[in-house]
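Here the sequence shown is numbered in this note's numbering, starting from 4 and rising by one per residue. Input: a single structure, listed below in structure tokens.
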Amino acid sequence: MAKKVLVIRVGSRTTHMVHMDNVDDEPSIYGCMRVTTPEGCVSDGQIIDVTDLARMIVKTMKEKHINCKDAIFVIPSSKIASREATLPAVSKQRMGALVQARVADLFPVDTEQYVFSHVLQGKPYAGGEETKLATEQGFDKLLEAEEAQEPDKKSKKKKRKKGDAATEEADDSELVQDVLVFAAPTELINSYYALADAIGVKIASLEADGNSVFQIMKRQVGMGTSLSIQINRDSTLVNVVNQDKLLLQRVVPYGVNVFTDAIQEEGAFRCETFDKAYKLISSQRVLMPHLGVENSGNDFSMQKRIEVTNNGDYLIGNIVRVVEYYNAQHRGDPIQSVSLIGWGCSIVGIHELLTNELGIQTSTPTEIAGVRFNRKVEISISMLQYLNCMGAVFSPVNFISRDVAEKDAKKGNMVGPILICGLLVLVAATIAGWSYLSLFTARDEKDSWQLKANSLSSVDAEYNELTAIETNYGTYKGVKLATDLNNNHFHALINDIEAVCPKSFKITTITSDGSKVSANCISNERLHSVSSLIIQLNKIPMIRNAWVETISEDQATTSNKFRYAYSLTFDFIANELTAAQEVTDTLNQALDGTGVSLDVNNAEGTGETPVADETAEGGDQ
């Protein structure tokens, strides 16, 4: 949906307002309003009394239920000057700088006290030698202006010599562009910014009255050159238009007031006010078809009509001079038609009068091309009074206050740092977002593991208990290994030896180093009993490798009986036996109920590992 705008043209006596779309392709018009300008508020287009004028406009907007916040002001002022210039056909971005570089040549004024703007005239075209020279000079000024604005970039640009093809545009095509440059006093422009602030609207653009009329009228004429005459209340705007180019523009300081003043001064018409006089000439044929008509019959009524008609001699004479000047300058392309708009087009008989005096057919458009009217708008010939407003949306001059332009330039200079700052903020936000995402993921993972840990808390208690038992068992085994010596079982060894020795067998001395035992023994038994004793000793679990080191025989003198003395040695293995027994007991506990049992004694004295007895109850071996 197109954005709506309120176009306001503040005249010295009448203020016109048009509510329409702010687009350049057939904008829709939703309403047209005309109110009396408060006396003393405007002087030649410049706003003098902002408060009263703003109050009147705000009141009108409320009455018409207009709520848009954007406004275009059309400035009807003789203080606005325009010059046509032919400049190099550069891009739109560079054209503004090029125009600013040429304004001192176009306007003999203090450029610091004026605001300049421009509109393009037609399309680029190939110029001749004169335009080529102007192009080169234009590029020189453009480069000087750009270097003055951006001295830091001088070293980055290759300087162009005067007379050379300055830019790629000139090298490629050598095209030029006709430009209409406008100049307006700074105080005039600033007065409309103050008015906009008082109304509470934002300025969409500031338009020159002549350009607005040209923009709408070039859409009304066909092929060939046409003269557009806008007769307003106190002045007349004359434009010579050829399709999309404004060839000539002049302001004539006379309007419909030349006729209404004569009617008001003549008591015979009984019209004391402008409104009554204007209504009279708009509804009855007062004007004669020619200037200087003779009243051969001395008719009183005709005489008064002739006087009113002749009072427009200055108005029509100025228009005739514009036509003659243009035709003299453009003999091959004379004016072919005349379009009459404004207040004057409603005057009865004025079309015939102008046709006869100018020698060119004069008519008023029956419809307005380029715009569309909302179905609620009542269309009549009075709509031609609002053409100045209707043309303001197409290609406005767009005057910009120096203060606003400087602020915009500062904003433009801040675009780079702002973009960099925005990029850094975006990167920081991305990193922070990624960090938060990682944090949330880690928290979720932690919570998941915490749930698993909570579910295994009972298992953890059992594991800790078993670990403590294992630790205690290891400690016990270490202490036992350090303190459980073979000699701790020496008393049991003596008892086992005593159980297998003959009665006459006596141990006179016995020593042990914990692993080997030596004993001196005596016996009255025969020598074969000693061999039997060795066999019995090897059967004792704690003894291994029993043998006789030495043996001697002697005979008692009193009883003549033989006595044998010998030394006996063997290995003492009490700890190994105990360890084997513990292993066997442990395995038997594990095999409990399986029918399999281990016996460490089956391997005693053989150096073999314990063997299993696989006899099970109720089963076979």
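Even for Gly, the Cβ is constructed at its ideal location relative to N, Cα and C.
Going by C-alpha positions, I50 is about 16 angstroms away from V61. Taking a contact to require three or more Cβ pairs closer than 8 angstroms, the stretch 357-368 and the stretch 270-284 do not qualify as touching. Under DSSP, N242 takes part in a beta bridge, and its partners are S231 and Q252. Sequence-distant Cβ neighbours of Q116 in its own chain, meaning closer than 7 angstroms and more than five residues away, are P188 and T189. Burial check for T239: the Cβ neighbour count within 10 Å reaches 16 or more, so the residue is buried.
Put simply, the backbone Cα of K542 is about 12 angstroms away from that of F573. Between Y196 and F76, the gap from beta carbon to beta carbon reaches 7 angstroms or more. Annotated as proximal: L56 and P41, with beta-carbon spacing under 7 angstroms. As for any alpha helix (DSSP H) of minimum length 4 sitting wholly inside the stretch 363-423, the runs are 390-393 and 405-416, ordered along the chain. Under the DSSP assignment, M36 falls in the beta strand (DSSP E) whose first and last residues are S31 to T39. Here V400 is actually not in contact with V26; their C-beta atoms are around 18 angstroms apart, not less than 8 angstroms.
Nearest to P256 by C-alpha distance, out of I234, I421 and C71, is I234. When the Cα atoms are used, T433 and Q453 turn out to be separated by approximately 30 angstroms. V122: member of the beta strand (DSSP E) spanning Y117 to A129, first to last residue. Excluding sequence positions up to five before and after D447, its CB lies less than 8 angstroms from no other CB in the same chain. By the Cβ rule, the stretch 80-94 counts as touching the stretch 176-183, because three or more pairs are nearer than 8 angstroms. If you check the CB distance, N489 and S507 do not come in under 7 angstroms. Within 10 angstroms of the beta-carbon of I232 lie 16 or more other beta-carbons, which makes it buried.
The continuous stretches of alpha helix (DSSP H) do not include D516, and DSSP gives it neither H nor E.
Between N314 and G270, the alpha-carbon positions lie close to 16 angstroms from each other. Shown here, T18 sits in a strand according to DSSP, grouped into three states.
With contact defined as three or more Cβ pairs closer than 8 angstroms, the stretch 461-480 and the stretch 493-504 are not in contact.
Counting C-beta pairs closer than 8 angstroms gives three or more between the stretch 382-401 and the stretch 201-221, which meets the contact rule. Note that the C-beta distance between A395 and V38 is not below 7 angstroms.
The residue from Q246, R375, V341 and S349 with its alpha-carbon nearest to that of E360 is V341. Membership of E210 in the beta strand (DSSP E) is indicated by the continuous run K205 to A211. The beta carbons of K67 and M36 sit about 6 angstroms from each other, so the pair counts as a contact at 8 angstroms. Sixteen is the threshold: since fewer than 16 other Cβ atoms of the shown chains lie within 10 Å of the Cβ of W437, the residue is exposed. Under the DSSP assignment, S570 falls in the beta strand (DSSP E) whose first and last residues are F565 to F575. In this structure, the straight-line span from the alpha carbon of G419 to that of V112 is close to 36 angstroms. Secondary structure at F110: coil, using DSSP grouped into helix, strand and coil.
In the assembly as shown, A280 is a buried residue. Its beta-carbon has 16 or more other beta-carbons within 10 Å. DSSP places N548 within a strand segment (E or B) once states are collapsed to three. Residue state for M291 is assigned as coil, using DSSP reduced to three classes. For A280, the uninterrupted alpha helix (DSSP H) run begins and ends at F277 to S286, by DSSP.
Counting of Cβ neighbours within 10 angstroms places P30 among the buried residues, the total reaching 16 or more.
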